[in-house]
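Worksheet: the structure to be examined is printed underneath.
Protein chains: 2
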Amino acid sequence: MTVTTPRGFRASGVAAGLKSGGAADVALVVNDGPDATVAGVFTANRVKAAPVLWTQQVVKGGVVRAVVLNSGGANACTGPAGFQDTHATAEHTAAALTSASPRLRLAGGDVAVCSTGLIGERLPMPKLLSGVRTAIRGLSRDGGTTAAEAIMTTDTRPKTTVIQGAGWTVGGMAKGAGMLAPAMATMLCVLTTDAVAGPDTLDAALRAACRVTFDRIDSDGCMSTNDTVLLLASGASGIEPTEAELTAAVTAACHDLAQQLIADAEGATKQIAIEVVGAAGEDDAVEVGRAVARNNLVKTALFGNDPNWGRILAAVGTTGAAFEPDGIDVAVNGVWVCRGGAAAEDRSKVDLSGRDVTIRIDLHAGSAEATVWTNDLSHAYVHENSAYST
Amino acid sequence: MTVTTPRGFRASGVAAGLKSGGAADVALVVNDGPDATVAGVFTANRVKAAPVLWTQQVVKGGVVRAVVLNSGGANACTGPAGFQDTHATAEHTAAALTSASPRLRLAGGDVAVCSTGLIGERLPMPKLLSGVRTAIRGLSRDGGTTAAEAIMTTDTRPKTTVIQGAGWTVGGMAKGAGMLAPAMATMLCVLTTDAVAGPDTLDAALRAACRVTFDRIDSDGCMSTNDTVLLLASGASGIEPTEAELTAAVTAACHDLAQQLIADAEGATKQIAIEVVGAAGEDDAVEVGRAVARNNLVKTALFGNDPNWGRILAAVGTTGAAFEPDGIDVAVNGVWVCRGGAAAEDRSKVDLSGRDVTIRIDLHAGSAEATVWTNDLSHAYVHENSAYST
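Here the protein sequences come in this chain order: A and B.
Just so you know, the first sequence maps onto residues 1 to 390 in the UniProt record's numbering.
Just so you know, the second sequence maps onto residues 1 to 390 in the UniProt record's numbering.
Okay, structure coming up:
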């Protein structure tokens with residue numbers, strides 16, 4: 001039910017000692033083909049980790065045979081030496097994989113690298129490279145689950161998904177629990193498919209999928225230095241879906257993983273969908289949704305089970321979207337507490353006892369809509385991010 | 001030491017029953033002249049409270065004789081009825097003041113109105129108007145202190161200031177502890193001066209002052225619906241300072257009040273100055289400062305006494321300012337923990353045991369600089385904003 005569900009992929013996850021607790025921290029995903037097509041989407045942060053800089057280059061060629069991922073260190077803000085560490089990891093992985101499976105004949109440029117963990121510290125390279133060799137020995141057709149576990153940081157559970165096409169499949173894994181914000185909104189994600197797809201089709205499908213999924217979740221408004229989403233195609237099914245079919249499946253996989261990320265966000269007690277409707281355009285709807293999703297006063301109110309629609313309106317008012325302030329309606333869990341920019345139904349009617357919260361904002365300015373997902377701001381978030389360096 | 005220190009002003013503060021606890025909640029500031037010049041700066045939020053809409057109009061005329069302020073209710077998102085409440089408050093204040101001091105001959109359009117408190121609820125008008133009448137009876141030349149107390153909401157202490165010119169004075173009071181973000185960064189502020197100044201000079205001085213003070217503090221990234229800064233000039237000193245002299249004094253007063261706001265921010269345990277230097281332009285420096293000030297991961301790290309410069313770089317990376325990622329230096333309390341975008345001095349050398357924190361960011365892209373002030377994100381902030389509606 002993960003990256004190894006589609007045919008043509010092997011994976012593994014091992015403990016290399018990068019994390020102090022002895023948990024798995026190095027993952028490897030290998031595409032055995034026949035194809036080795038790839039597409040990637042990366043953080044928009046201008047401060048990019050070394051593995052992002054490396055993998056962006058690698059993906060440009062449209063071919064990737066293996067992805068090596070580590071938790072326990074982001075290799076971000078580590079200067080030229082950190083970039084050399086990433087390069088060495090790719091070269092070492094290529095050589096060791098070729099030695100183990102000579103028919104693969106990998107070069108360093110066939111290997112994508114992803115890292116996650118504390119920013120600003122060098123990786124312990126001997127441990128990491130030793131872990132890569134162990135991971136290669138452990139590669140298997142059902143290794144996707146241990147790979148998903150090996151990329152966890154503050155995640156409390158691994159995130160995996162499978163979407164079935166007609167004779168082909170999309171699988172995926174992701175990690176991320178904080179520093180989630182558009183664009184991008186996940187830390188690391190590897191998707192695999194046994195469909196046949198050219199690099200342009202793969203790229204178009206992945207971008208379309210990310211735009212309405214990972215780019216629309218916002219846990220804490222903080223954009224990461226390491227965000228990477230890769231989509232690998234093996235072609236092992238022999239079936240070539242249309243771009244629309246592929247996009248639909250990849251979007252479903254990304255949506256599933258994005259929802260798992262928000263559900264496991266650091267300290268969250270509420271999972272919040274902000275549905276913006278009646279917008280003049282989709283961009284307006286997304287801008288309003290993000291402004292509400294990032295508003296600490298809205299997020300703390302919901303943590304306190306308070307349907308404080310005034311704070312929601314104050315957040316909407318910071319945007320440039322088309323609306324009239326006295327033309328906005330707001331419903332919280334189905335109760336229209338605000339109509340025409342003023343109080344309507346009694347806020348005591350709103351039931352916020354559950355984990356799921358839906359905020360619906362009608363701008364009455366058009367017919368476009370978008371949903372942004374977020375979570376509340378809790379004591380546990382403050383604790384997790386003040387008591388530990390991450 | 002407040003709005004009544006400059007000659008020509010009386011003030012008072014009374015408990016009208018708008019707050020449940022019986023604390024003072026209605027304040028009045030009267031300009032006895034001879035001049036009644038005014039300038040105002042207001043929230044950039046497009047969802048503006050009724051008193052903001054009213055006072056923006058009133059200030060356009062360049063003349064204001066009295067300011068009536070209430071805590072215990074923001075009168076925001078209250079529709080046309082809320083606007084009528086503000087209008088009625090101004091008319092009632094004008095009539096009652098004229099009755100008490102016939103030489104003032106006030107009309108409603110001479111009265112500015114400011115409100116602060118919960119968004120989305122109507123004000124209890126009989127209580128408010130009764131409070132205004134009591135406040136008029138209590139007006140005195142030393143009423144500035146009680147006025148400053150009457151505008152407090154979650155503030156733990158009143159904020160007042162006095163700056164001495166050469167034969168003239170600027171006094172001020174402000175309130176605000178949350179929902180502080182550019183632009184504007186305070187909820188309510190009334191400044192007074194006995195200098196002689198035309199409306200254009202007053203307006204220029206106030207805008208220049210706000211730009212480098214209230215617009216550069218950011219407590220929680222949340223922009224209010226009610227922010228109002230008014231500057232009233234009585235001309236009672238008979239002295240007309242130059243625009244530069246007046247600007248300097250008003251800036252000093254605003255700076256003092258802005259620092260008091262950040263010092264009293266909800267739940268804050270750290271008072272943080274973010275000094276951005278080496279910027280290509282002042283706008284770049286401000287953009288970078290604000291991005292760091294709004295980053296929840298930076299703010300929680302500092303709450304935990306963690307000089308997590310990686311999170312600072314990640315925040316800088318979200319901006320459009322001119323810089324090279326590998327050209328950024330960061331010092332925390334004087335220790336250059338990051339040079340050239342990578343680790344430098346040992347982070348354990350940073351002393352974060354005190355309340356004051358200085359983050360210095362050198363972009364190495366030019367010679368412009370700016371400082372933005374903020375505070376940390378603590379358990380007390382989450383508690384205060386989840387346990388109570390504000």
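Every residue, glycine too, gets a C-beta built ideally from N, C-alpha and C.
Inset, instruction - Ignore the nearest five residues each way along the sequence and tell me which others in residue 286 (chain B)'s own chain have a CB closer than 6 angstroms to its CB. - result: Locating residue 286 (chain B) in the second sequence gives position 286, counting from the first residue. The beta carbon of residue 286 (chain B) sits closer than 6 angstroms to those of 370, all from its chain and outside the five residues before and after it, given in chain order.
Legend entry - Contact list for residue 70 (chain B) against chain A, beta-carbon separation under 8 angstroms: In the second sequence, residue 70 (chain B) corresponds to position 70, counting from 1. Here the premise fails: no neighbours, minimum Cβ distance about 16 angstroms.
Inset, instruction - Measure from the C-beta of residue 393 (chain B) to each C-beta in chain A and report whether the shortest distance is under 8 angstroms. - result: With chain B running from 1 to 390 in the structure shown, residue 393 (chain B) is simply not present.
Inset, instruction - Ignore the nearest five residues each way along the sequence and tell me which others in residue 315 (chain A)'s own chain have a CB closer than 7 angstroms to its CB. - result: Here residue 315 (chain A) corresponds to residue number 315 of the first sequence, with the count starting at 1. 291, 292, 295 and 298.
Inset, instruction - With a cut-off of 8 angstroms on the beta carbons, I'd call residue 271 (chain A) and residue 356 (chain A) a contact; round off their distance for me. - result: Taking the first residue of the first sequence as position 1, residue 271 (chain A) is located at position 271. Taking the first residue of the first sequence as position 1, residue 356 (chain A) is located at position 356. At roughly 5 angstroms, the Cβ-Cβ gap stays under 8 angstroms, so residue 271 (chain A) and residue 356 (chain A) are in contact.
Legend entry - Interface partners of residue 300 (chain A) on chain B, CB under 7 angstroms: For the purposes of this step, residue 300 (chain A) is taken as the residue at position 300 of the first sequence. In chain order: 382, 385 and 386.
Legend entry - Counted within 10 angstroms of its Cβ, other Cβ atoms place residue 19 (chain A) as buried (16 or more) or exposed: As a working note, residue 19 (chain A) is residue 19 in the first sequence. When all chains shown are included, residue 19 (chain A) counts as buried.
Legend entry - Validate contact between the segment 68-83 of chain A and the segment 32-52 of chain A using beta carbons, cut 8 angstroms, 3 pairs: yes
Legend entry - Whole-number beta carbon distance between residue 23 (chain A) and residue 15 (chain A), since they are thought to touch under 8 angstroms: Translated into positions along the first sequence, residue 15 (chain A) becomes position 15. Translated into positions along the first sequence, residue 23 (chain A) becomes position 23. Their Cβ separation, rounded to whole angstroms, is 6 angstroms, which keeps residue 15 (chain A) and residue 23 (chain A) in contact under 8 angstroms.
Inset, instruction - Answer yes or no: does any C-beta atom of chain B fall closer than 8 angstroms to that of residue 163 (chain A)? - result: Position 163 of the first sequence, counted from the first residue, corresponds to residue 163 (chain A). Output row for residue 163 (chain A): interface = no.
Legend entry - Proximity test, Cβ basis, 8 angstroms: residue 20 (chain A) and chain B: As a position in the first sequence, residue 20 (chain A) is number 20, starting the count at 1. Answer no: the Cβ-Cβ gap between residue 20 (chain A) and chain B never drops below 8 angstroms.
Legend entry - Bridge partners - residue 68 (chain A), DSSP secondary structure assignment: Start at 1 with the first residue of the first sequence, and residue 68 (chain A) comes out as number 68. Note: residue 68 (chain A) sits in a beta bridge opposite A:28 and A:113.
Inset, instruction - Mind listing the chain B neighbours of residue 128 (chain A)? Cutoff is C-beta to C-beta under 8 angstroms, in chain order. - result: Counting from 1 along the first sequence, the entry for residue 128 (chain A) is found at position 128. Those within 8 angstroms of residue 128 (chain A) in chain B number zero; the least Cβ separation is about 18 angstroms.
Legend entry - Neighbour flag for residue 355 (chain B) against chain A, beta carbons, 8 angstroms: Position 355 of the second sequence, counting from 1, holds the residue named residue 355 (chain B). Closer than 8 angstroms: no.
Legend entry - Classification of residue 381 (chain B) by the beta-carbon crowding that lies within 10 angstroms, buried from 16 upward: Sequence index remark: in the second sequence, residue 381 (chain B) carries index 381 (1-based). Burial call: buried.
Inset, instruction - Would you identify the three-state DSSP class for residue 196 (chain A), choosing helix, strand or coil? - result: By 1-based counting over the first sequence, the position of residue 196 (chain A) is 196. Looking at residue 196 (chain A) - three-state DSSP - the assignment turns out to be coil, as it is neither helix nor strand.
Inset, instruction - Pair every Cβ in the segment 34-43 of chain B with every Cβ in the segment 349-366 of chain A, then say whether three or more of these pairs are closer than 8 angstroms. - result: no
Legend entry - Bridge-paired residues (DSSP) for residue 140 (chain A): One-based indexing of the first sequence puts residue 140 (chain A) at position 140. In the DSSP output, where bridge partners are listed per residue, residue 140 (chain A) has A:11.
Inset, instruction - Could you check the C-alpha separation between residue 118 (chain B) and residue 146 (chain A) for me, to the nearest Å? - result: To locate residue 118 (chain B), count along the second sequence from 1; it is residue 118. To locate residue 146 (chain A), count along the first sequence from 1; it is residue 146. Spanning the two alpha carbons is a distance of roughly 50 angstroms.
Legend entry - Cross-chain neighbours of residue 346 (chain B) in chain A, by beta carbon under 9 angstroms: Along the second sequence, read from residue 1 onward, the residue named residue 346 (chain B) stands at position 346. Under the 9 angstroms cutoff, chain A gives no residues; its nearest Cβ is about 12 angstroms from residue 346 (chain B).
Inset, instruction - Report the rounded CA-to-CA distance for residue 311 (chain B) versus residue 46 (chain A), giving the unit in angstroms. - result: Here residue 311 (chain B) is taken as the residue at index 311 of the second sequence, counted from 1. Here residue 46 (chain A) is taken as the residue at index 46 of the first sequence, counted from 1. Straight-line Cα distance between these residues: approximately 13 angstroms.
Legend entry - Where residue 119 (chain A) meets chain B, residues with beta-carbon distance less than 9 angstroms: By one-based count along the first sequence, residue 119 (chain A) stands at place 119. Those within 9 angstroms of residue 119 (chain A) in chain B are 308, 309, 310, 311, 313 and 314.
Inset, instruction - State the DSSP-derived secondary structure class of residue 133 (chain A), mapped to helix, strand or coil. - result: Start at 1 with the first residue of the first sequence, and residue 133 (chain A) comes out as number 133. Helix, per DSSP.
Inset, instruction - Residues of the segment 313-336 of chain A with a CB closer than 7 angstroms to any CB of chain B: list them in chain order, please. - result: 313, 314, 316, 317, 318, 325 and 326
Inset, instruction - Can you give me the Cβ contacts of residue 3 (chain A) inside the same chain, cut-off strictly under 7 angstroms, excluding the 5 residues immediately before and after it? - result: Here the question's residue 3 (chain A) lines up with position 3 in the first sequence. Excluding positions up to five away in sequence, the list reads 9, 11, 29, 144, 147, 171, 172, 173, 190 and 192.
Legend entry - Beta-carbon gap between residue 313 (chain A) and residue 341 (chain A) smaller than 8 angstroms: Here residue 313 (chain A) refers to the residue found at position 313 when the first sequence is read from its first residue. Here residue 341 (chain A) refers to the residue found at position 341 when the first sequence is read from its first residue. Contact flag set, yes.
Inset, instruction - Could you name the residues that DSSP lists as bridge partners for residue 40 (chain A)? - result: By 1-based counting over the first sequence, the position of residue 40 (chain A) is 40. A:230.
Inset, instruction - Examine chain B for any beta-carbon lying closer than 8 angstroms to the beta-carbon of residue 228 (chain A), and answer yes or no. - result: For the purposes of this step, residue 228 (chain A) is identified with residue 228 of the first sequence, where counting begins at 1. No, residue 228 (chain A) lies away from the interface with chain B (no Cβ there is under 8 angstroms from its Cβ).
Legend entry - Validate contact between the segment 85-99 of chain A and the segment 315-333 of chain B using beta carbons, cut 8 angstroms, 3 pairs: Touching, no.
Legend entry - Cβ shell of residue 105 (chain B) (< 7 angstroms), same chain only, five flanking positions each side left out: Within the second sequence, numbered from 1, the residue matching residue 105 (chain B) stands at position 105. Only 98 meet the Cβ criterion.
Legend entry - Buried/exposed call for residue 407 (chain B), threshold 16 Cβ in 10 Å: This structure cannot speak to residue 407 (chain B), because chain B is shown only from 1 to 390.
Inset, instruction - Take residue 74 (chain A) as the anchor and find which of A:122, A:60 and A:65 has the nearest alpha-carbon. - result: Locating residue 74 (chain A) in the first sequence gives position 74, where the first residue counts as 1. Among A:122, A:60 and A:65, the Cα nearest to that of residue 74 (chain A) belongs to A:122.
Legend entry - residue 370 (chain B) - partner residues in DSSP beta bridges: Position 370 of the second sequence, counting from 1, holds the residue named residue 370 (chain B). Looking at the DSSP assignment, residue 370 (chain B) forms a beta bridge with B:276.
Inset, instruction - Compare the beta carbon distance of residue 321 (chain A) and residue 265 (chain A) with 8 angstroms and say whether it is the shorter of the two. - result: For this step, residue 321 (chain A) is matched to residue 321 along the first sequence. For this step, residue 265 (chain A) is matched to residue 265 along the first sequence. Contact: no.
Inset, instruction - Report yes if the C-beta distance between residue 59 (chain A) and residue 111 (chain A) is below 8 angstroms; otherwise report no. - result: Locating residue 59 (chain A) in the first sequence gives position 59, where the first residue counts as 1. Locating residue 111 (chain A) in the first sequence gives position 111, where the first residue counts as 1. The answer is no: Cβ separation not under 8 angstroms.
Legend entry - Inter-residue Cα distance where the pair is residue 168 (chain B) and residue 261 (chain B): As a working note, residue 168 (chain B) is residue 168 in the second sequence. As a working note, residue 261 (chain B) is residue 261 in the second sequence. When rounded, the distance between both Cα atoms is 25 angstroms.
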